[in-house]
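Below: one structure, written as structure tokens.
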Amino acid sequence: MSRLRTSTSWLNLTGLLVGLGLVSSVAAQDASQVAASSNQAESVVSVEAGSSGLEQKVLDANKELDRLAANPSTEKEVLAGQRSLVEVLEATLRAQQRLDGFQKEIEGAEAERLVADRRLELAEKNGPKPIDPASDLATARKELLARESRIIDLGEEQASIESLLERREARRVTIRSEATEIAAAIVLVEAMPEEAGDHRNARIDRLRLEARGLEIERRAYDSTDETFRSLERTVSTEIEVLTKERDAWQARVDELAVDDVRRKLLEATDTLEAQSHPLLQKAAQRNREMAERLVQVTDRDTEMSSQLLLKQRLLDRLRRGTESDQRRFTDRVTPSIATVLRQRDTALPETKEIRQEIAWIKRQLPAVELERLLLEDELSMIRGAARSAEDILDDVVPPLSEEERAEIRPKLVELLNDRLEIHGRPLLNVLAGEMEELQGMLEVDAAVLLEIERYRSFVLEQTVWVRDPSSMEPGFWSRVLEQSKEFFSSAEWWPVVDAVLDEVQEHPLLPVLAFGPGLALLLGRGRIQARVRLAGERVARAETDQFRETLLVAAIDILQGLAFAGPFWLLGEALSGDYGRTRVISSLDQIIGYVAIFVLVLATMSAVVSAGGLAEKHFRWSEPVLRMARRLVFFSWVAVVFGVANRMCDPRQLDLPDLGRLFFSTIPILIAALLLSVVRSGWERSLLKAAGERLPIVKYGVERLVIVLIAMIPLIGLVLANIGWYEAVSLIQRAVVESILFLFVLLVLREVLFRGLHARMRKQSWLLRRQREGGADTSEEVDDLEDIGVRMRNAIRFCVVTALLIGLWGIWDDLLPAFQILRGEELWTYRSDVVGASADGMTPGYLSVSVTLGDLLLAIGTLAAALYAARNLPTVVEIMILDRVGLQRGVKYAVAQLIQWVLVISGVTAACALIGVTWSSVQWLAAGFTVGLGFGLQEIFANFISGLIILFEQPVRVGDVVTVGETTGQISRIRMRSTTITDWDRKELIVPNKQFITTEVVNWSIGESCIRLVLPVGVSYSDDPEVVSGLLLDIGVQDPGTLADPEPSVSFTGFGESSLDFKLRVYLADTDSLVPVRNRINIAIKKAFDERGISIPFPQRDVHVSMVDRAAPEGAAAPISSPSETSREPDAEGGRA
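Reading the sequence shown from the start, the letters are residues 54 to 1190 in the numbering used here.
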């Protein structure tokens, strides 16, 4: 019993490592370790006498387990040990059976290989079978369908073989690690004490048997791999043979189909010529039109079918190539492999032509669908040939005689039958087939485009940071000289001139469209410049400043840009034709569109920053900024020339790498020269001031140092490009140049929007100033105007920043695979809970996920974007949507706050998820928060929940007048924790949100918006109450701030101590008019009472002083004798008695 306990404890200690042997039923093995293990296992396996001996041992062990389980006195440790022994023996049996299976594979490998070789030999020997030239269309289609079906079956077989070989290759990769684990488990089990008995020996036997199984499995792979490779070659050969046969039968089907429709066209033509009556001629003419259309569609469908087959083969080749290269070269790219991958990338089809074809197909599909629908409608009108013929005869004007009808009717019925059966329905079927062909081509083109982008992303990711050693090879300048002669050779450029001349001859209007705007601007240059100067003078004065002047000048600048870009558009149209596709023409055709865009932008920017233009007169840019912008435009013009030459020398174009590198080198030099010119001119302080409204100015000289350091970046990139990292630096530099131009365009657009806002506010300010000069109170309007200006400026900034981020993402999107290197920098890992399928159903588990440097940067960017959007997006939504809907101020504020909270919470959640901060990892924090909630955080949490209730239920809203305790004021802000109330003294009181839920709050603005104002008034006892009542009522009715319904009222409330008491009750539209109305009515009452001689009493008090008539003490002052006095003191109400 003690021996069994000891063995059980050892089993518990070694369970993890030994368990690896249970799950690794198929494993590879290191040669030396497998040899040693297999030698030790020889005796064990021989004693077991194969699977039969192991099966008997398993049966005996199970019987012993049943006997122990039936005995109530059996200890738990003994029972557990026996169960463990049964599990080990069963695992050993499974390993033995697997070993026997691999052994049979080895024994039958040679025979299977001979069968595969014989099959390959027959496939190569027989070749494609010739087609029967006498076959009809039905037979040809049947043969074609049979071969297409067989090709699909063989393709599935080929895919399964390739998948099997890939799995075997992946299996071999893990040989050493799994063999080491088994060897370590054997050593650990052998270290168990001898007292472990059968358990120890059974585990050693099982592990040694698995080690031998690994060796046999490896041998089985080595023995059968060649068989599967031979079978793969056989299947590939058979597919190639069947493809040739399929193509031949497809050509036969197309030939027979075309012959058939051409025969029908000839028959329709003969029928038309044989008709004499106009009615029959018209029907025959329609039949001939259908037959002619059937020939056209059939020819086009035949051509598209062959194109679709070629594209499908291209797609299959691209997919296999991409998967093969990814499997072989991922993270194993050397400089030589990088060269090969770049060459394969260059050999890929151009995506521009594929995109053009996709656009053509998308335009063609609706046209074919419309034609098919119209044809269906036309054929549906032929309800029956005889009946339709009668309808046609009935509609003839003038009516036909019975003899004519009898003569025409059979011929017309025959023509209608031919239209329906011979021409119409076949045409309808061909149109439906054409739609299927077009849809198939669209799907294949999209898949090809996606596959090309996928492969290029893979090549870019794997090769962009691999140094090219060929860049440092000697003879650079000699190669540049040779490539320059080739680049500037007249034989390369004269075809471009010929292509342009041919395009002009074919389309004479193109030169007019290309050069017309430029000539018009040149001829009207004087008037245009005068109008631009006039616009600058008008916007300088407030009374004539209008935004349309700015828009007019902007339109003129854009027209100037279009005039410069027109010739390049003409060149692009000329090069897109089929006028002898030389290398230069193909290269220019690929890049001329980008050149036209750059020319349009630069020409427009040149006009914007010109003297007296938009930047100077309308945007009011400072002189240093204007000079810098003009210099940037000039350098950009030069950079475009060298950039175009560099793109033409690209390996995908003319393949002149050394000359392209020389052209490329000028661009970073231009960028550095541009930045250094800033330092030389001393503009850096002014430029940095203009770069941002809140940019702090630091100590003198730091700005210059910063710009010098920035200027060194392109020079460093130049050095890196010329020592081997040309691909990476050129891609980054190209994106940087495009980003700078895009930023410049966006800056001008931002200035245009600010200019429009400035013009509008300037006009409103001028109008308010005129009103103020006329004596009107415009303080409230001025405050509103300033608030609107701030909100609009923030909205414009947010929209511009959003457009900037979207544009930069579009520019840098193609380069994102190059930065996948950040994904390889692992920072930490976290465990993610998953649910997987098992024999017992869905079982929970976990997956180890790595957090990389790229994930961290993405999380930071996500959080920053969410916070920025939360700060600005609610304002944009309020201006562009909520203000137009007409919601109340409080509702708009609540929606804006909810948007802000949602953005913040979503951003924080997304950022935390990216770096692995999940709920399971912060449960302890939630538990601590719950504990803290019961102590110090209770009030904060209560205020937060109350804030949510306020925003959703809206018992109070922004703009409402409320009374909380003894405080009355208007709600100005509602935050997560507190609400701000502004009282009538313009003081801000911060009230915790909890008070609005748990205490009594008076909301003067909720429900009915009108409120009642009660004004108490006291008059002297000598005044007539009826006169006072009428006078008060007239004052209440005549005030412009009071409502007519409910109407004002006056009541005589009683006899006071020193006055007759009245109350004037008036109703106001809202609380905003409470203070001014009360002020006006009180002034009107005092003025009216003074005019009518009505007195307003104030309290009086009589003070009686009694004399003290007794002798004063010696030396004391004599008492003062005074008559009775009346003391008058005003009371709190300002009245008197």
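Quick reminder that beta carbons are idealized off the backbone N, C-alpha and C, glycines included.
If you're wondering where the values come from, they're calculated on a predicted model, not measured in any experiment.
The region 504-521 touching the region 362-373, judged by at least three CB pairs closer than 8 angstroms: yes
Per-residue DSSP class, three states only, for Glu215: One-based indexing of the sequence shown puts residue 215 at position 162. Glu215: helix per DSSP, three-state reduction.
Own chain partners of Ala122 with C-beta closer than 7 angstroms, once the 5 adjacent residues on each side are dropped: Taking the first residue of the sequence shown as position 1, residue 122 is located at position 69. Closer than 7 angstroms at the Cβ level, and outside the excluded window around Ala122, lie Leu132.
Sheet register partners of Ser1102 (DSSP bridge): The residue labelled residue 1102 in the question sits at position 1049 within the sequence shown. DSSP, once it has assigned bridges, lists Arg1118 as partnering Ser1102.
Straight-line gap, Thr375 to Arg221 (C-alpha atoms, nearest Å): For this step, residue 375 is matched to residue 322 along the sequence shown. For this step, residue 221 is matched to residue 168 along the sequence shown. Roughly 20 angstroms separates the two Cα atoms.
Residues near Leu11 in its chain [Cβ-Cβ closer than 6 angstroms; skip 5 each side]: Here the chain has residues from 54 to 1190 only, and residue 11 is not among them.
Spatial distance of Leu712 from Arg532 (CA atoms): In the sequence shown, residue 712 corresponds to position 659, counting from 1. In the sequence shown, residue 532 corresponds to position 479, counting from 1. Rounded to whole angstroms, Leu712 to Arg532 spans 8 angstroms at the Cα level.
Per-residue burial, Gly1018 [other beta carbons within 10 Å of its own, 16 or more giving buried]: Counting from 1 along the sequence shown, the entry for residue 1018 is found at position 965. Counting Cβ neighbours within 10 Å, Gly1018 comes out exposed, since fewer than 16 surround it.
Beta-carbon proximity check, Asp704 vs Thr962, cutoff 8 angstroms: Numbered from 1 along the sequence shown, position 651 holds the residue referred to as residue 704. Numbered from 1 along the sequence shown, position 909 holds the residue referred to as residue 962. With the sequence shown as reference, residue 704 is identified as Pro, and Asp is not the correct amino acid for it. No, Cβ-Cβ distance for Pro704 and Thr962 is not below 8 angstroms.
Terminal residues of the alpha helix (DSSP H) in which Val662 lies: As a working note, residue 662 is residue 609 in the sequence shown. It is not in any alpha helix (DSSP H) - Val662 carries neither H nor E in the DSSP assignment.
Three-state secondary structure (DSSP) of Ile1027: In the sequence shown, counting from the first residue as 1, residue 1027 sits at position 974. Ile1027 falls in the strand class under three-state DSSP.
contact_flag[the region 324-342, the region 229-243] where n(CB pairs < 8 angstroms) is 3 or more: no
Simplified DSSP state of Gly619, which is helix, strand or coil: To locate residue 619, count along the sequence shown from 1; it is residue 566. Here Gly619 sits in helix by DSSP.
Where Glu1110 sits in the DSSP three-state scheme: Counting from one through the sequence shown, the residue named residue 1110 turns up at place 1057. Coil, per DSSP.
Contact between the region 1006-1025 and the region 1047-1054 (3+ Cβ pairs under 8 angstroms): yes
Inter-residue Cα distance where the pair is Ala89 and Ile390: Mapped onto the sequence shown, residue 89 falls at position 36. Mapped onto the sequence shown, residue 390 falls at position 337. For Ala89, the pLDDT reaches just 34, beneath the cut-off of 50, and the residue's location in the model is therefore unreliable, although a value from the coordinates is still provided. Answer to the nearest angstrom: the Cα atoms are 39 angstroms apart.
Secondary structure of Asn699, DSSP reduced to three states: Within the sequence shown, numbered from 1, the residue matching residue 699 stands at position 646. Helix.
Beta-carbon proximity check, Leu1192 vs Val694, cutoff 8 angstroms: Absent from the model: residue 1192. The displayed extent of the chain is 54 to 1190, so no value can be given.
Contact under 8 angstroms by Cβ, Glu804 with Phe672: Position 751 of the sequence shown holds residue 804. Position 619 of the sequence shown holds residue 672. In contact: Glu804 and Phe672 (Cβ atoms closer than 8 angstroms).
is_contact[Arg1131, chain D] using C-beta, thresh 8 angstroms: Among the chains of the structure shown, chain D does not appear; only one protein chain is present.
Extent of the continuous beta strand (DSSP E) run through Val565: Indexing the sequence shown from 1 puts residue 565 at position 512. It is not in any beta strand (DSSP E) - Val565 instead sits in the alpha helix (DSSP H) that spans 562-576.
Three-state secondary structure assigned by DSSP to Arg416: Numbered from its first residue, the sequence shown carries residue 416 at position 363. Arg416 falls in the helix class under three-state DSSP.
Local Cβ density within 10 Å of Gly577, reported as buried at 16 or more and exposed below that: Translated into positions along the sequence shown, residue 577 becomes position 524. Counting Cβ neighbours within 10 Å, Gly577 comes out exposed, since fewer than 16 surround it.
Per-residue burial, Ile645 [other beta carbons within 10 Å of its own, 16 or more giving buried]: Stepping through the sequence shown from its first residue, residue 645 is reached at position 592. With 16 or more other Cβ atoms within 10 Å, it is buried.
Option nearest Asp275 by Cα separation, candidates Ala725, Arg224, Ile932: Indexing the sequence shown from 1 puts residue 275 at position 222. Nearest of Ala725, Arg224, Ile932 to Asp275, Cα basis: Arg224.
Rounded straight-line distance, which links the Cα of Ala552 to that of Ala918: Position 865 of the sequence shown, counted from the first residue, corresponds to residue 918. Position 499 of the sequence shown, counted from the first residue, corresponds to residue 552. Approximately 50 angstroms, taken between the alpha carbons.
Coil, strand or helix - Arg594 by DSSP: Working through the sequence shown from its first residue, we reach residue 594 at position 541. Looking at Arg594 - three-state DSSP - the assignment turns out to be coil, as it is neither helix nor strand.
Three-state secondary structure assigned by DSSP to Arg1039: Position 986 of the sequence shown, counted from the start, is the residue given in the question as residue 1039. Here Arg1039 sits in coil by DSSP.
Cβ contact check for the region 381-390 and the region 458-472: 3 or more pairs under 8 angstroms: no
Spatial distance of Val789 from Ile864 (CA atoms): Residue numbering aside, residue 789 sits at position 736 when the sequence shown is read from its first letter. Residue numbering aside, residue 864 sits at position 811 when the sequence shown is read from its first letter. Going by the C-alpha atoms only, they are around 9 angstroms apart.
Close Cβ partners of Gly1168 (< 6 angstroms) along its chain, the five nearest in sequence each way excluded: Numbered from 1 along the sequence shown, position 1115 holds the residue referred to as residue 1168. Because Gly1168 carries a pLDDT of 47, less than 50, the predicted location of this residue cannot be relied on, and the following value inherits that uncertainty. Excluding sequence neighbours, Gly1168 sits near nothing in its chain.
CA-to-CA distance, Glu539 to Glu545, given in whole angstroms: For the purposes of this step, residue 545 is identified with residue 492 of the sequence shown, where counting begins at 1. For the purposes of this step, residue 539 is identified with residue 486 of the sequence shown, where counting begins at 1. Between Glu545 and Glu539, the alpha-carbon positions lie close to 8 angstroms from each other.
Contact under 8 angstroms by Cβ, Val652 with Phe687: In the sequence shown, counting from the first residue as 1, residue 652 sits at position 599. In the sequence shown, counting from the first residue as 1, residue 687 sits at position 634. Contact: no.
Beta carbon of Trp622 nearer than 8 angstroms to that of Ala664: Along the sequence shown, one-based indexing puts residue 622 at 569. Along the sequence shown, one-based indexing puts residue 664 at 611. For Trp622 and Ala664, no; Cβs fall outside 8 angstroms.
Pro721 versus Leu707, Val782, Arg684, Asp708, residue with shortest Cα-Cα distance: Position 668 of the sequence shown, counting from 1, holds the residue named residue 721. Of the candidates Leu707, Val782, Arg684, Asp708, the one whose C-alpha sits nearest the C-alpha of Pro721 is Val782.
CB contact flag (Arg299, Arg395, <8 angstroms): Sequence index remark: in the sequence shown, residue 299 carries index 246 (1-based). Sequence index remark: in the sequence shown, residue 395 carries index 342 (1-based). Not in contact: Arg299 and Arg395 (Cβ atoms no closer than 8 angstroms).
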